[in-house]
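See below for the structure under consideration.
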Amino acid sequence: MNGITHLEMYQFVALLLLGLGLFGLVRRRSLVGMLISVELMLNGAGLSIVASGQLTAASGAMAQLATLFVMGLAAAEVALILAIIIVVSRRFGHIESNNLRTLRG
Amino acid sequence: MEYLAYVAFGIYVLIILTGGLMAVLCRSMVRALVGLILTLFGVAGCYLLMAAPFIALMQILIYVGAVSILILFAIMLTRAPAGAEEAPYIFPWRSIAALAVAFLPLAVIGGMIRSGQVTPLVPPTEVPLAELGQTLIEPYLLAFELISVILTVAMAGAVILGFERRIGK
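Protein sequences appear in the order of chains A and B. According to my numbering, the stretch in the first sequence is residues 4 to 108, in order. According to my numbering, the stretch in the second sequence is residues -16 to 152, in order.
This is the structure we're talking about:
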């Protein structure tokens, strides 16, 4: 494997997830699609943290728990965004981010 | 035996790539969600390969079990037309911009990863569950307590936002 280490392989997978998430976040026009892209990026972050804990001399337990915290934060964030999406769809009738131009409700 | 690990890794990367492309490119939101779930399973497989079965199970439990169901609720509750399709694109300016946005960090961070000086530890060792619990209540005690506060605040905020129309009237 011409000098590529296991750590680098996992980090590149995490980087792939980050790139896919960024691509989707800019390309998507509905709020739900953007939410899905953010989840992709958060998964990449978790994978990167666990890889750097398990595959180097750093503490594996700390890395695994940090990823667990990332997952907990993602769950809280999704619950909040779900509520925001529902409010937006009630007020505007759609969730297309291009057409949300009114700030004061 | 070692090549089996490479085969498994390749399969997981393939699953992650397919699911990620589905999640980003499908016009139907439900299909995009299925792609996201596929990606989550692939990442869980990667955790298993790194000898972290606890995190793999948590990934399936929290992400596949809770987060994707919440996203499904978001799709279903927004009264979108059947299948929740996005409008088609007239000219792909947006895709071109998105490609540029995604490629720049990829190139920068990819170069940084390649030039890294970390010596990897090749066979990862499984951390026993008791040690994970010990770490949770000793160095991570504050974070552990804070995340419970954050979850409570997020839930309360979600409920309040959900009731906003009745308050407004």
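We put the beta carbon where it would ideally sit given N, CA and C, even for glycine.
Not flagged as an interface residue toward chain B: A/M37, since no C-beta distance is shorter than 8 Å.
Note that the region 3 to 10 of chain B does not touch the region 36 to 45 of chain B; fewer than 3 beta-carbon pairs, one per stretch, sit closer than 8 Å. Taken through DSSP and simplified to helix, strand or coil, A/E99 comes out as strand. Using a CB distance below 8 Å, the part of the region 20 to 49 of chain B facing chain A consists of T22, L23, V26, C29, Y30, M33, A34, A35, F37, I38, M41, Q42, I45, Y46 and A49, ordered along the chain.
With contacts defined as CB atoms closer than 8 Å, B/L60 and A/A82 fail to qualify as a contacting pair. In the three-state DSSP reduction, A/S92 falls in the helix class (H, G or I). By the CB criterion at 8 Å, A/G63 and B/V110 fall inside the cutoff. Only residues of its own chain outside the window of five on either side were considered, and among them Y(-5) have a CB closer than 7 Å to the CB of B/C29, listed in chain order.
If you check the CB distance, B/I133 and A/A86 do not come in under 8 Å. The beta carbon of A/T105 sits no closer than 8 Å to any beta carbon of chain B.
Per DSSP, the beta-bridge partners of A/S33 are A/E99.
By the neighbour-count definition (other C-beta atoms within 10 Å, threshold 16), A/G96 is an exposed residue. Apart from sequence neighbours up to five positions away, the residues of its chain that approach A/A61 with a beta-carbon distance below 7 Å are S55, ordered along the chain. Collapsing the DSSP output to three states places B/G99 in coil.
In the structure shown, B/M33 adopts coil according to DSSP, grouped into three states. Close to A/F26, with beta-carbon spacing below 8 Å, are these residues of chain B in chain order: V7, A81, L82, V84 and A85. With contacts defined by Cβ atoms closer than 8 Å, B/P103 and A/L10 form a contacting pair. Going by beta carbons, A/I84 and B/L16 fall outside the 8 Å limit.
Cβ contact annotation for B/A34 (same chain, cutoff 7 Å, sequence separation greater than five): P107, T108 and E109, in chain order.
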